[in-house]
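In this note's numbering, the protein residues as written are 208 to 541.
These notes are about the structure you will find just below.
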Amino acid sequence: MAARTTARHLLAQNEHPYPPLPSILAALAGAADDLHRYPAFRPVRIEQIIADWQGVPAEHVVVGHGSAGVALDLFHTLVEPGDNVVHSAPCFDAYPMFCDIVRAEARAVPLGGDARHDLAAMAAQLDERTRVIVLCNPHNPTGTVYSWAELTAFFRRVPPTAVILLDEAYVDFARGWDAPSVPDRIAEFPNLVVLRTLSKSHGIAALRIGYALAAPELARRVKDHQVPYAVNRLQEAALLAAVSAQAEVEQRIAEITAERDRLSAELVGLGWSVAPSLTNFLWVVAPGDHAPLRAALEEREVAVRYYPGQGIRIAIGEKDANDAVLEGFASLAR
């Protein structure tokens, strides 16, 4: 994972560019009076808040310490030493780490030439010891997506003994994506787990609020592997405030996606190859030496994420940060 730097423009970790909404900060201040009290033994109230928000029964909801925490709970539930997990490479850094934690074989499948999952190659890796297939959609780090029709064609090739972990951390930025409702998806594919977070679109990454939506039996199994008191009062207060402020959240998403599209178009105009993105970041295809670009961006106090030999991931910042990115890229002849 990218290390925190002292750069002025922090665009390496796909963070929200704006501070939390005032209503969230007010909710956190109000919850601080009760910090001497334990949180709920099990996060039943938070599960219900998310269930009401997402339009599913509460027994479909699993809450945890960020979506990464929920994913690790799922791995602990399903994977035994010697089992295998299939994922794309590169992908969200935590998934290979989780394979190490549960002593699973990580079957990393390189992305296709369109910076998307190579679903045919992933299907070829499935066998009787496959327990989890990880699909980030939109994908991290490339921002690319598959249509629901493309995904379901792949899902039908997955044996029922394996769980499909569909990581939708960035789905709120994917306007126009054609998937049906989560309840309909789970009804069709009981081995599907949809993973989401409030870190990205809601801008509260430090509070680590993530959740999964799954079939009730699978959700119950994951909850049985979670420690008690795992979701605290600050997380609960922030969650309730966040889901009650959807109009403001949507406005910020619109601002971020507008800047994303502007930055993408201008980078392409400068001669760079940029993958089509439906996230809050861009993937610049750059298989060569990153040293000149790194120097140009560091000179402008910009921190981005470098994938040696593959590309560069740039989170969308405020306008001045994005302009600094453009200045850095423009300084190098194409």
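Here a beta-carbon is modelled for each residue, glycine too, at the ideal position from N, C-alpha and C.
Whose CA, out of the options, lies closest to the CA of residue i?
| i | options | result |
| --- | --- | --- |
| Gly350 | Arg507, Asp431, Glu508 and Ser471 | Ser471 |
| Ala150 | Ala537, Gly516 and Ala502 | The chain is shown only over 208 to 541; residue 150 falls outside these bounds and no answer can be derived. |
| Tyr245 | Gln332, Ala437, Ile253 and Ala419 | Ala437 |
| Ala328 | Ala322, Val316, Arg338 and Val339 | Val316 |
| Pro483 | Glu508, Gly320, Asn529 and Glu462 | Gly320 |
| Thr359 | Glu254, Ser274 and Ala394 | Ala394 |
| Val309 | Leu477, Leu539, Ala278 and Val456 | Ala278 |
| Asn344 | Val400, Cys306 and Gly516 | Val400 |
| Asp391 | Val263, Thr404, Tyr514 and Val434 | Val263 |
| Thr337 | Asp325, Arg364, Asn347 and His324 | Arg364 |
| Asp431 | Leu285, Ser230, Trp260 and Gln261 | Leu285 |
| Leu228 | Ala444, Asn347, Asp334 and Leu326 | Ala444 |
| Ser538 | Arg520, Arg507, Leu232 and Val511 | Arg507 |
| Ala311 | Val434, Phe248, Val339 and Val511 | Val339 |
| Val481 | Pro348, Gln433, Asn439 and Leu504 | Pro348 |
| His324 | Glu357, Pro303 and Phe305 | Glu357 |
| Gln458 | Gln332, Ser230, Ser408 and Gly516 | Ser408 |
Taking the straight line between their C-alpha atoms, what separation do you get for residue i and residue j?
| i | j | result |
| --- | --- | --- |
| Phe380 | Arg467 | 10 Å |
| His223 | Leu217 | 10 Å |
| Gly518 | Asp496 | 10 Å |
| Ile256 | His267 | 12 Å |
| Leu373 | Val492 | 24 Å |
| Ala313 | Gly237 | 44 Å |
| Ala386 | Trp355 | 5 Å |
| Glu424 | Glu525 | 43 Å |
| Ser388 | Leu420 | 11 Å |
| Ala210 | Phe282 | Summary for Ala210: the model assigns pLDDT 49, below 50, so the residue's position carries little reliability, and this model does not support an answer. |
| Asn529 | Ala412 | 21 Å |
| Asp240 | Pro499 | 51 Å |
| Leu342 | Glu534 | 34 Å |
| Ala465 | Asp307 | 39 Å |
| Val352 | His243 | 44 Å |
| Gly476 | Phe361 | 35 Å |
| Asn291 | Glu335 | 9 Å |
| Asp463 | His294 | Sequence inspection shows Ile at residue 463; the Asp mentioned does not correspond to that position. Near 28 Å, if we compare the C-alpha coordinates of His294 and Ile463. |
| Pro428 | His346 | The sequence as given places Arg at residue 428; Pro does not occur at that position. Those two C-alpha atoms are separated by around 27 Å. |
| Ala265 | Phe248 | 16 Å |
| Ala330 | Pro366 | 10 Å |
What distance in whole Å lies between the Cβ atoms of residue j and residue i, which are believed to be in contact at a cut-off of 8 Å?
| i | j | result |
| --- | --- | --- |
| Asn398 | Val378 | At roughly 20 Å, the Cβ-Cβ gap does not stay under 8 Å, so Asn398 and Val378 are not in contact. |
| Leu235 | Leu446 | Between Leu446 and Leu235 the Cβ distance is about 11 Å, and since that is not below 8 Å, they are no contact. |
| Leu489 | Phe536 | That belief does not hold up - the Cβ atoms of Leu489 and Phe536 are roughly 11 Å apart, past 8 Å. |
| Gly417 | Ala275 | 7 Å |
| Glu375 | Leu405 | Contact doesn't hold; Cβ gap of about 12 Å is too wide. |
| Gln261 | Ala522 | So it is not a contact: roughly 26 Å between Cβ atoms. |
| Gly271 | Asp280 | 6 Å |
| Ala426 | Val251 | With a Cβ gap of about 13 Å, Ala426 and Val251 do not count as contacting. |
Just list the residues that DSSP pairs residue i with in beta bridges.
| i | result |
| --- | --- |
| Arg314 | Val293 |
| Tyr225 | The partner list for Tyr225 (beta bridge, DSSP) is empty, contrary to what the question assumes. |
| His272 | Ile416 |
| Val400 | Leu372 |
| Tyr514 | Gly518 |
| Cys343 | Asp374 |
| Trp490 | Arg520 |
Taking 8 Å as the cut-off, does the region 436-451 touch the region 294-314 (at least 3 CB pairs, one atom from each stretch)? Taking 8 Å as the limit for Cβ pairs, the verdict is that the region 436-451 does not touch the region 294-314.
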